[in-house]
Every structure is written in C-alpha cells, then in structure tokens.
Amino acid sequence: MLLDLGLHEALPVIELEAVWRVWDWSECHGRIRQLVKAASPEFATSPRARLYETYLTLIRGGAERTKTADFQRMCKEGIRACLQRWNELPPVGTPAHIDILHMFQLMVELGDASNIYTSLASTKAENLESKSGDLKSVLQTWRERLPNTSDPINIWSDLVAWRQHIFKAINDVYVPFITQQQQQQAAAADDDRSGRKGAADAGGDDDGPRPGSSVPTSYAYRGYHEMAWIINRFAHVARRHGLVDVCINSLTRIYTLPNIEIQEAFLKLREQAKCYYYRPQELQSGLDVISNTNLVYFSRGQKAEFFTLKGQFLAKLANPEEANRAFAMGAQLELGSPKAWAAWGRYNDECFARNRPDTTGAVNAISCYMQAAGLAKRPRVRRFLARTLWLLSQDDEAGNVRAAFDAYNGEMPTWYWIALVPQLLAGLDAPFSRQAQQILLRIAKQYPQALYYVLRASREETLAHRRRQPQMAPPADAAAPDAPLAAGAQPAIEELTSKLRTAHPLLILSMEAMIDQIVHRLKPCPEEDIYRLVLTLLADGLRLLHQRVAAGATDLALADSVVENTRRVGLGLPPGPIKTRFEADFGCAPEMDLCAYVAEMYRWQQALRTAIGQRPRRLMLGQLSPFLVEFEQQKFEDVEIPGQYLRLTDNSDDFVRIERFLPELLVETRSGGVARSLAIRGTDGSVVHFSVQHLATRSTHQEERWVQLFRNLDATCEEDRGAWEQRRIALHLPTIVSLTPHIRIVREQPGTFTLQEVYDQACADSGTPEIGPALFAVGRIRSLAAQLPTAAEANEVLFEQICQNMVPASLLRDHVRARTASPMEFWLYRESFTYQIAVSIALTYMVACAQRTPAKLSISRATGSVCLHDLVPAQAAPGLLHNKEAVPFRLTPNIQAFVTELGLEGIVPFAIHKA
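Right, dumping it as structure tokens:
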C-alpha cells in the first residue's frame, strides 16, 4: 500500500521505506538509486540516505568493492551524519535519541555485512562448514544486539528488513551447496549398496561407514535459521505491543522457510497460540493449533508448556475437567517448571473464587503457588506469595488451607517474603498466626535488619496499648476491635524479638543503641514542638474556613472538634510563659469565630517561626549524641542504611552499610514543622539524608501501607514500560522507617521544595500574610452571595479575584526559571514535571485521595520529579473510598501555567494513559 502511495503520489522517501521491506535490492538497485537522488536535499544528507547508498555500494560491486576506499568513505560519512544529528539533540535522553541509536546500529552492522560478503565470496563446497562457523560468531553478535522490547515497533520492523537482506544473500550462496550435498550423498549411498552387495557375494562382512554417508548438517541452512529467529523475536515484540495482527502475519512467513530449528518451531507455535488466547472469538482456533501439534520432537519442558497453554484455553472455553487434566499433565511432565505450577495455581484460585466457601480450590492453589515460588527466582514470586497470604486468610474452620501450606516441603523463598512483612505481622493475630510466625522466624534468621525496625515499632505499639487499656473506659463493644489484636499478637511479637536477640545479639545491640540515640537525643526543642502543634491547629482552622466559604455559609462559629483540640494542646504544653500566653489567647476559644481564631493562630505561627529562625540552622551532632558521631567505633557489627529492604530488589548484594554519621545536623523550618535532617555516609561513599519526624497522629502506619501498595503497583507497571517511559512516569515514593509509633525517619533528597514553600516565599517577598486569601474570601463571600444566585457562582468569582490580585499564576514558573541555568534546562525540567504531575493526577484520582494541599507535593530541584507525601485515600465508610471534592486531583492555575497548554493537551493525557 505504501509502495503504491509513494509511486502514484511521487513521494520517493515513502517509496524507499516500502521497497526497503519488499524488494530485492540486489536485482533493482538502479531504480533504488534513482529514488535516493529524487528525494529532497534534506533527506539526501540524512543518515538514512547514507545507509541506502552504502548498502547499494556493497551489493553492487560484490566482495572486491567492500574494502575499497569508496565503501569505507561512505561508512564514515554515515557515522558522521549520525553523530551530527546526535549533537543537535538535547543532552538529556529523549525519544529522538532512539532513532539515532538505531541508525548507529545499522551502520555498525553494515561493516559486519561487508565481512559476511567477503566470506561468502570465498565459500565453496569443500569449506562450507568452516565458513559457516566463521559467520556464526557474527550472527550470534547480531542476536545479542537488539533494541529494547519497549522501543517503537517501526525500529524492530526496520531491523528485521535490513537483516533479511543479509540472510537472503547467505541463502543465495549456501542453498546451492545443499543440492550438491544431497546428490553426493545419494551417489555415495548407491556406491555403498553396490559395495555391500559385492562383499556379500564374496562372502565378506563389511559394516563400516562409507565416505559421504553422513547426514547433511544444518550449517548449510544458516540463513534460514537466522530468518526464523528474527521473525519469532519480532512477532513476540509485536504481541507485547498489542499488535496481534502484525504478530500473526509475521509468524506465517516462517511457513515459507524450507528448514527451521526445533526451538524456533516451538516459539512460533507458542506465539501463535498466545495471539489466539487474547481473542475470545478465536479460542477454539488456538486450541486446535495446540492439539494438532506433534510433540514428539520437543523437549519435556516444551511439552509441559504446550500442555499448560492447552489448560489455559480449555479453562477459557469452560471445560474445567479437561483443563485441570491438561494443567496436571504439564506439571507432571516437568516438575521443575514454575510456569506450569503458577498457571495451575491461578486456575485453582479462580475455581475457589467461583465455588466459595468450598476450599478445595484454595488448597490446590496454595500448593501450586508455593511450588512455583520455590522454583522461580524472580520478582514475580511476590505475586504468588501475596495470593498465598490471602488464601490463608480465607481458610475455613477445618484448617484445610493452612494444612496445605504446612505440607509444603520445598524451598521457601524467604527473600521475597520480606515485601510482605507488615502483612505477616498483622497476621500474628489471625487464624494463620502460626504460619505467619514461621515465615517471620525465617526472615529473622536470614535477614534480621529487614524485620527489626517494623518489629520494634509494633512491639512498642502493643505495649503502649496494653498500658492504656486499664485507663480506658469505653464501652465493651468499642474496645473490642483493638483489644484482641494486642492480646493475640503480643506473645508472638515477644518471641520474635527474643529470637532476634538470641540469633544476632551484637547486631541487635548496635541497632537498638542507634535507634535509642535518634529517638531520645534528637528530640525537637519545646518551641519546635509547639510550632508543629500550632501549624496543625492552623491547618484545621483554615480547612474548616474553606469549607464554610465554599458552602456559602454565614455561620463562622468554631467547631467543637477545633475547640477540643485547642484545649488539649493547651493542657499538653509544658509549664512556663508560653503556656500562660496560650491559655490567655485561646482560653476563650469557644467564643471566637473562625476568622479571629485563624488570625490569632497565624500570629502565633509567625512569632514561633521568628523565634526558631533566630537559632542556628546547623547543629553539631556531637553535642546532642556523641554515640552517633563515634558510631563506627561504638558499633559491634555492621548496620545497613535503613529503608533498603523496602526496595523490591532480587537480593541484598548491593545494600550499603553505615560507615559513619556526618557531624552536622541540619535544622529546617518547613511548611509542616521543623525538620531535623540526619546525614549518613555509606560504605560506598554515598551520603543519605533522613528527616527525623515526630508525629502527633497515629496515621503513619496507614500511609506506610499505602506507600507499600503504590510501590508494588509501580513495580508491576514497570514491566510494560520502556526505559524512557520509566524515567518519566515512575512513581517517586517516600522511604519511611518507623522507629516508634510516633517517631519515624523519612529518606529525602537534598534540594527539594513544595508548592507551599513557593507561595510562602512569594508572600515574604511581597510582605503579605499567607492567610490573606482566606481572610479576603471571608470578607467578600457575603457580598458576592447577595449579588449572585448560587454559592458556586460566588465561589468562582471569588476564586478569579484571588488569582488575579493575590496569587498570580506565574509564581511556580518564575520560581523554577530563576533557578535554571539555560532555556534548554528549563524546558527539560518542565517536561519532566509535566509527566510527574500527570502521574500524581492519575494516582490521586484512582485512590480518591483528598486534601492535596500544596505542602504535600515535594518537587526535586534537580530533576522535576514529584514525591507524593501523605497519599492516603478518603473513606466515606469503612472499605468505601470516596472523594467529595469537586476536582478530585490538584491542577491549580500555577501548575497549569507552568505545564502550559501544550503539556495539558499532549503530555498529561498520554502520561495518565501510560500510568
């Protein structure tokens, strides 16, 4: 079609692209050269045109022209053109770099092709085997030199077209030798039969081999074998891209090859079956392909995979008995195949979901999942273990599922269980507590540092709950949900702690001493603690004020919850002048309205910020904790940097240990309070920064669980992303390590800022208060409500006035522009931020996360990546996620102005779809 289009519309570039994949260039190189000359001048100087001209030179003159100065000059010109295009691109990787890299690869393989042509020119029947062996090393290199699976399919198609030209040249030389070899073999067989007959007539006995009686070897079919390999690889990539028709059409070309290897025949049939599997109307066709395949020549592993595929087709065709039989046959043929066990486990899992509460499917599924997890050493194992844990939670009173788990005697994938440590600790109070404890004991023995931080925080939480129980006097029904958890999990937690201290006494002693120093020596001073509480009260007041203004309410009385929280803060303050002034200013809080309350709380916040800002920003760690400064001498055993086990890696070989704590402690005033940043130097020379956070609420574990979910979700989506997409669309999540129920350390990147800090800096530069828009809204909403018919219209007018007069849309753009060195750096930074904000929009909407205040978006100054903090969903009811906000994500005018309309219409929808 493209060939006809280029021919009739006089488009030589399109016609060249078509004939590159269709024509035999060795027979029509004259017409192709005319097309190259007829193309535009811009195309004539491109690397693509250089490639065509160099290849024409190669095939036109034969072997005697491949090493001439003309050919070498054209190769150098092609590489020079690629380098020139590369230098015109930005220094940061972009999709345009992929095309240039592909052209580099083709120019390199042109040099390899000249060596292939030289070898073909000197190939004869006598040296066919040795010449084929020489080509094998070059062709093996080509097999290893492939684009990424996620690269555009056009690049794969172009590579297949180029290599098939070379493989055809190999076949043109090698195939005639096959006919000669077969004729020589037939003649040798005739001579052998005549000789044997004469020997029999003479009474002799000759059973020895005769020259020329050997079976023809496969090296003469080298070109066809490489064709089949590259076609199978291209078909696989096309199927991964969702191009099922392209995959099937490519696989049909293998039928035209006279000879292929058994492995390629297997791959062809497997890809064909998988294509039919994703088309419900062609399931029977796929099943017929598998059923009609002769499995005699395949290995046991390949036969097992065919039976597994057959079981999947039968399951989709609602034939459970035959499907179960096929899955069983696949597992029996190759007991060491994790794919067969995993597929059988998923089938039984689906049967359990359909036939609940019958646990037969769950028993079979858990046995298959554990077999697959023990055999496969891949990150996919975590999926099987997560399903195993869920199946254990669905056990019946007879305990059949737990018995099936206990019956497993294979290898336990302890490393991959680390990702489920929080769920295993929660399971200590579940019916499968014994199984959860066994797994945790294995983790404690092999990877103690992966368990200790979470176990220590859980232990302190359960102990605190037990201490609070006698003092609490709620109704029995209200206390019931929490009491069994503490009572049931406490003995198991104590046993795990004891096992840890017994198995690793020196390590636990070093870690415990380090944690105690961080918890007790790095506490915030009283002013910093009061500042954090005042910020929390101010945020509550502003949130309530925004809700009242948005609803058009004229009643600005304080809510009872705000009054009660203010009273609690006053009672919790240490005795002194600060407490006296706080009680004097807020002792009559029930009589204050929201505006007065917010204004007074803002005055306190500004006074405390000024007092804290007068203190030094850098403290000497040795004055607060001499132990941490001398940790390299005080420790008894090497301690790893916290948080590394939260990464979903395959092993701990590259984990970094703590070399020492840096002597400076950074104190920063942020929108959420005062943060103390601790710097740790690792054994690899890197420096890791941790922020020590003291929290007033107990929602930290909820955030950790959601971060765990998002991290697993991102790892699952990473399999379908390209390297370029992964850099831009990957989630950037905080690494949170809880030390106590209310104290945690959060790994952070230096040089980050929040939208709230941008706004605060703009207010400080202009001399306006940060709460100015809120107070302006209260003063204007009543007059606007009287002028406009609905509260929504009044809010819209009020919002436009605030954006025009108080919060201009250029704040973020001006902030970033002032800190970037060049327009190119600014453009790349904005592109990266656009991708990241799109991912934030998708995730916020997907999990119904509300209250995305400016302080909860942390942006890297170096890369523009967005770290999502406090990403906890809003629940309308237990188990029901619901966000009542009119806009269920954050896309404010400042973000829109920075992203620009081009980003909103182009990058944002694309990134949301990819995310």
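If you use my numbering, the sequence shown corresponds to residues 399 to 1313, in order.
Note that the Cβ used here is the ideal one computed from N, Cα and C, for glycine as well.
In this structure, residue 508 lies near residue 473, with their beta-carbon atoms less than 8 Å apart. From the listed residues 1075, 537, 1216, 668, the smallest Cα separation to residue 620 is found for 537. Cα atoms of residue 687 and residue 495: separation of roughly 41 Å, rounded to the nearest angstrom. In the three-state scheme derived from DSSP, where H, G and I count as helix and E and B as strand, residue 795 is classed as coil. With fewer than 16 neighbouring CB atoms inside 10 Å of its own CB, residue 923 falls in the exposed class.
In this structure, the alpha-carbon of residue 1168 lies about 17 Å from that of residue 1151. Here residue 765 really is in contact with residue 806; their C-beta atoms are around 7 Å apart, less than 8 Å. Residue pairing by DSSP puts residue 1151 in a beta bridge opposite 1257. Around residue 437, the same chain offers 410, 411, 414, 447 as residues with beta carbons nearer than 8 Å, after the five sequence neighbours per side are excluded. Each residue's CA atom was taken as its position, placing residue 1195 and residue 888 some 57 Å apart. The C-alpha of residue 629 lies about 23 Å from the C-alpha of residue 576. Here residue 1074 is actually not in contact with residue 1058; their C-beta atoms are around 18 Å apart, not less than 8 Å. In this structure, residue 834 keeps its C-beta atom at 8 Å or more from the C-beta atom of residue 849. Taking a C-beta distance under 8 Å as the contact criterion, residue 1263 and residue 1099 do not qualify as a contact pair. About 4 Å separates the CB atoms of residue 1256 and residue 1265; that is less than 8 Å, so the two are in contact.
Secondary-structure assignment with DSSP links residue 1160 through no beta bridge to anything. Rounded to the nearest whole angstrom, the C-alpha separation of residue 560 and residue 668 is 25 Å. In this structure, residue 445 and residue 483 form a Cβ contact; the two beta carbons are roughly 6 Å apart against a cut-off of 8 Å. For residue 1135, the enclosing beta strand (DSSP E) starts and ends at 1133-1136.
Within the stretch 1189-1268, the complete beta strand (DSSP E) segments at least 3 residues long are 1255-1258, 1264-1266, listed from N- to C-terminus.
For residue 1018, the uninterrupted beta strand (DSSP E) run begins and ends at 1016-1018, by DSSP. In this structure, DSSP gives residue 777 a state outside helix and strand, which the three-state scheme calls coil.
Comparing C-alpha distances from residue 935 to each of 980, 493, 908 shows the shortest one belongs to 980. DSSP lists 1055 as the beta-bridge partner residues of residue 1038. Setting aside the 5 residues that flank it on each side, residue 1270 is surrounded in the same chain by 1097, 1100, 1101, 1104, 1247, each with a C-beta closer than 7 Å to its C-beta; the list follows chain order. Residues 956, 961, 964, 995 of the same chain have their beta carbon placed closer than 7 Å to that of residue 987, with the five preceding and five following residues left out of the count.
Of all alpha-carbon atoms in 1235, 1286, 567, the one lying nearest the alpha-carbon of residue 533 is that of 567. In the DSSP assignment, residue 1296 falls within the unbroken alpha helix (DSSP H) covering 1291-1300. With respect to the 8 Å criterion, residue 1082 and residue 1054 are classified as neighbours on the basis of their beta carbons.
Residue burial annotation: residue 1153 is buried, with at least 16 other C-beta atoms found within 10 angstroms of its C-beta. The three-state secondary structure of residue 1169, taken from DSSP, is coil. One alpha carbon belongs to residue 642, the other to residue 636, and they sit about 7 Å apart.
In this structure residue 1225 is exposed. Its beta-carbon is surrounded by fewer than 16 other beta-carbon atoms within 10 angstroms.
Beta-bridge partners assigned by DSSP to residue 1079: 1058, 1085. Note that the C-beta distance between residue 757 and residue 804 is not below 8 Å. With distances taken between CA atoms, residue 645 lies nearest to 674 out of 623, 660, 661, 674.
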